[in-house]
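Below: one structure, written as structure tokens.
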Amino acid sequence: MTTGTISLHGDTKVQYRVSSIKDLQVVIQHFDNFPLITQKSAFELIKCKQHLSLEGLIKIVSIKASINLGLPIVLSQAFPEVIPSGRFVSAEGNFFINILNSKTKIGKQIVLIFSISQHSRDANLLRSIMDFLGCGGYYSSSTREEGNFSVAKFYHIEQQIIPFFKSYPILGVKFLDYSDFCKVVGIMKAKEHLTQKGLAKVEKIKNGMNTKRII
Numbered sequence: 000m001t002t003g004t005i006s007l008h009g010d011t012k013v014q015y016r017v018s019s020i021k022d023l024q025v026v027i028q029h030f031d032n033f034p035l036i037t038q039k040s041a042f043e044l045i046k047c048k049q050h051l052s053l054e055g056l057i058k059i060v061s062i063k064a065s066i067n068l069g070l071p072i073v074l075s076q077a078f079p080e081v082i083p084s085g086r087f088v089s090a091e092g093n094f095f096i097n098i099l100n101s102k103t104k105i106g107k108q109i110v111l112i113f114s115i116s117q118h119s120r121d122a123n124l125l126r127s128i129m130d131f132l133g134c135g136g137y138y139s140s141s142t143r144e145e146g147n148f149s150v151a152k153f154y155h156i157e158q159q160i161i162p163f164f165k166s167y168p169i170l171g172v173k174f175l176d177y178s179d180f181c182k183v184v185g186i187m188k189a190k191e192h193l194t195q196k197g198l199a200k201v202e203k204i205k206n207g208m209n210t211k212r213i214i
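Going by numbering that gives the first Met the number 0, the sequence shown opens with residue 0, and the numbers climb by one from there.
Have a look at this one:
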């Protein structure tokens, strides 16, 4: 690249700086063509199918934790051994309870969703988690530079997601959402949600979760 300036900082440091919008476009184009080594490392791990083991997945999560804003809090707490103290960022993982209209006897259907959203550049991280857990899907936003890993099948939530976070507990307020999520899983497993009384229980739990939670 022929943009920017190079200046000396003391006897042992040299600084390369780009500040103009025009020059920054050149820098961005360069890294689009030649990705940073962290992304290349993650790609190589996936290429060798190491992400299918817990050890390999932790390596990929470690790479993500070392760059930019670090990890969403759900991942940082699931993999505490790779996260330095104070690296938590705002939560990007969520436990959702959707109550939809349906043609069932009680006229409602409950859909549980676990999701993690990240910038589209971290697609490999989300796909690695998807492959490791063996469930869910990765979806790209058509309007934003964002990708989403989500799990909506009840069987996968019960057999994969719930046990995973039992083994790697979530801390803080997000744990309360997880606990409520588990309560609804229990209600659905017992088929209580097919009754008006059970549906009312689910609605009450849903209305006290996430942004509606009063602390």
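Here a beta-carbon is modelled for each residue, glycine too, at the ideal position from N, C-alpha and C. What you are looking at is a predicted structure, and each value in this text was computed from that prediction instead of being measured.
Straight-line gap, residue i to residue j (C-alpha atoms, nearest Å)
i	j	result
N67	R120	Note that N67 scores 49 on pLDDT, short of 50, meaning its location in the model is unreliable and no value can be drawn from it.
E144	A122	10 Å
I186	V201	8 Å
V10	S19	With the sequence shown as reference, residue 10 is identified as Asp, and Val is not the correct amino acid for it. D10 and S19: Cα-Cα distance of roughly 27 Å.
I169	F163	10 Å
Residues near residue i by beta carbon distance below 8 Å, same chain, minus five either side
i	result
I105	L193, T194, Q195, L198
G207	D179, I213
N97	I109, V110, L111, I112
K107	I98, L99, N100, S101, L198
Other residues of its chain near residue i: CB distance less than 6 Å, five sequence neighbours each side excluded
i	result
G132	This sequence places Leu at residue 132; Gly is not what is there. Q159.
V172	none
Close beta carbons around residue i, own chain, < 7 Å, minus the five adjacent residues each side
i	result
L7	V13
I156	L111, F113, V150, V184
V17	T2, G3, L23, V26
Y15	G3, I5
H118	E144, E145
Beta-carbon proximity check, residue i vs residue j, cutoff 7 Å
i	j	result
M129	Y138	no
F95	D176	no
I161	K182	no
G135	F148	yes
Quiz item: Where in the stretch 135-210 do unbroken runs of the alpha helix (DSSP H), each at least 4 residues long, occur, reported from the N-terminal end onward?
Solution: Look at the stretch 135-210 and you find these whole runs of alpha helix (DSSP H), each 4 residues long or longer: 161-166, 172-188, 195-205.
Quiz prompt | Uninterrupted beta strand (DSSP E) stretches inside the stretch 1-30 (no shorter than 3 residues) | solution = 4-8, 12-16, all fully within the stretch 1-30.
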